[in-house]
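Just so we're on the same page, this note's numbering is the position in the sequence shown counted from 1, plus 316.
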Amino acid sequence: MQRRDNPYTPGAGRRPPYLAGRDRDLEDFSSLIEVLSTGGAERSLIYYGLRGVGKTVLLMELDLLASEAGWATTDVQEVGSQPDFRATFAQMASRLLREMSRRYRMRDRIEQALAVVKAFSVLAPGGVQLKLDVDAATGTADSGDPEQDLVELLREIGETANSAGSGALFLLDEMHNLDAPSLAAISMAFQAISREALPVALVGAGLPDLQVRLMAAKPYADRLFQYRPLGRLRDVEARVALVKPAATLGVEFEPAAAEEVVRLAAGYPYFLQEYGRELWNAAEASPITPADVEEVRDLVKEQLAHSFYGTRFALATDAEQRYLSAMAALGRAPYATGEVARAWGAANQRQTSPHRDSLIQKGLIWAPRRGQVDFTVPLFAEYVREHHPLEGYEPG
Ligand SMILES: Nc1ncnc2c1ncn2[C@@H]1O[C@H](COP(=O)(O)OP(=O)(O)OP(=O)(O)O)[C@@H](O)[C@H]1O
Ligand SMILES: [Mg+2]
């Protein structure tokens, strides 16, 4: 087995050789595209889940499906780095229009739409540097009301796509990074546009609190989107994710070996890819045996501790790291913030709430509900307990 043939893809946003357990999502998305392409109305999609469950690669796959159906897409865009979401949408919109103009002959219509994009972008604080060779249209998408302007921008994109018999797909990754006003405007705008039965859709992805954040931003956001949790793979799916990439290259797993990896990886796609890669590199020959698994086990654990967990833990300040240690020390998730504060050694919760907020901001933890916290990284508690145990704490 040559290292250079290694088919596994541990990492962030790396397309796996076999996308396990997502058939249903791909089918649902294809019918969403179909409905919107034929003048129907359907709500856009929001995916949420822990780190490494495969949100980004799913979005990449949907991107391909949409392209195959003749739609223009924004590609998967990580949002939240721009100070104003309008800058991001202006860029995405001009990207969609550029793609449409490459695929379809409709220069005048596209110029007209670009003028609207320009009008929209002029208002984004900080001014977007979009090199658009058109004059801004006045009176469309430039009222200064973010919700209304975004609706008008989406309508313009939708009508342009419609006239080409195409569609437009916005793919927003790490969407939990957006602040409440941005999330509210996006919810409202896509809701309004879905009523107009234009071929425009959004697929958003983010950490588990994305749904809660959308709901906090717009109380009835629960009805504006279709929400889909992404979680661990079921055992059969995890098994295929592990076994199939090797099998296509003529390398087999002994059933007991595959079973052990599935157990160790706890169904998390990223962990499966890590094990797959190391097993491929370590095994002398096919089939891969339980002894091979035993051999790479510590190496994979070390690698995860170093690259997956360690780098994230290092993002936290000393006080925040103690907060993470305090969470892990409590044992069972989700963790009551009051108890975390006590374990941390705080006199009251107010003392630790800035640390909690900052950790949420950094995407290391999230709040399943008021007064509770949990880790965003799978099996993080185990890592923290082993490598950064809470000092001076006796579980009681
Ligand atoms: N359905 C799947 N089948 C097999 N492997 C997968 C699947 N989904 C994701 N992976 C693998 O898991 C890893 C993580 O995928 P991805 O980066 O999409 O996760 P994510 O949810 O976006 O994580 P993050 O929250 O850190 O951005 C990658 O190595 C990818 O190849
Ligand atoms: Mg991702």
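Yeah, the Cβ is synthetic: ideal placement off N, Cα and C, and Gly gets one too.
Treat the numbers as computed from the prediction; the structure is a model and nothing was measured.
Classified as exposed, Gly481 has fewer than 16 neighbouring CB atoms from the shown chains inside 10 Å of its CB. The segment 388–399 makes no contact with the segment 568–579; the number of CB pairs closer than 8 Å stays below 3. Ordered by chain, the residues meeting the criterion of a beta-carbon within less than 6 Å of a non-hydrogen atom of ligand 2 are Ala328, Gly329, Lys371, Thr372 and Asp489. By the neighbour-count criterion, in which a residue is buried when 16 or more other Cβ atoms sit within 10 angstroms of its Cβ, Tyr625 is buried. Cα atoms of Ser641 and Ser503: separation of roughly 36 Å, rounded to the nearest angstrom.
Between Glu463 and Ala501, the gap from beta carbon to beta carbon is short of 7 Å. Burial of Tyr363 is indicated by the presence of at least 16 other C-beta atoms within 10 angstroms of its C-beta.
The shortest CA-to-CA distance from Val432 to any of Thr454, Glu415 and Asp424 is the one to Thr454. Contiguous beta strand (DSSP E) elements confined to the segment 463–545 occur at 484–489, 516–522 and 541–545, taking only those with 3 or more residues. Counting only the Cα atoms, Gln637 lies some 15 Å from Val693. If you compare the alpha carbons of Glu610, Pro515 and Leu695 with that of Val351, the shortest gap goes to Pro515. Our two residues, Asp551 and Ala557, have alpha carbons roughly 10 Å apart in a direct line. DSSP places Ser397 outside both helix and strand once states are collapsed to three, so it counts as coil.
For Thr325, the distance from the CB to the nearest heavy atom of ligand 1 is below 6 Å. Ranked by how close their Cα comes to the Cα of Met416, the residues Leu615, Ile681, Gly474 and Met376 have Gly474 in first place.
With a cutoff of 6 Å, Leu335 counts as near ligand 1, since its C-beta is closer than that to a heavy atom of the ligand. Nearest C-alpha to Asp449 among Asp424, Ala513, Arg658 and Lys534: Asp424. For Ser669, the enclosing alpha helix (DSSP H) stretches over residues Gln665 to Gln677. In this structure, the straight-line span from the alpha carbon of Val369 to that of Gly679 is close to 15 Å. For Asp690, the uninterrupted beta strand (DSSP E) segment begins and ends at Gln688 to Phe691. Between Ala659 and Ala645, the gap from beta carbon to beta carbon is short of 7 Å.
With at least 16 other beta carbons inside 10 angstroms of its own, Glu594 counts as buried. Under DSSP, Phe569 shares a beta bridge with Ile604.
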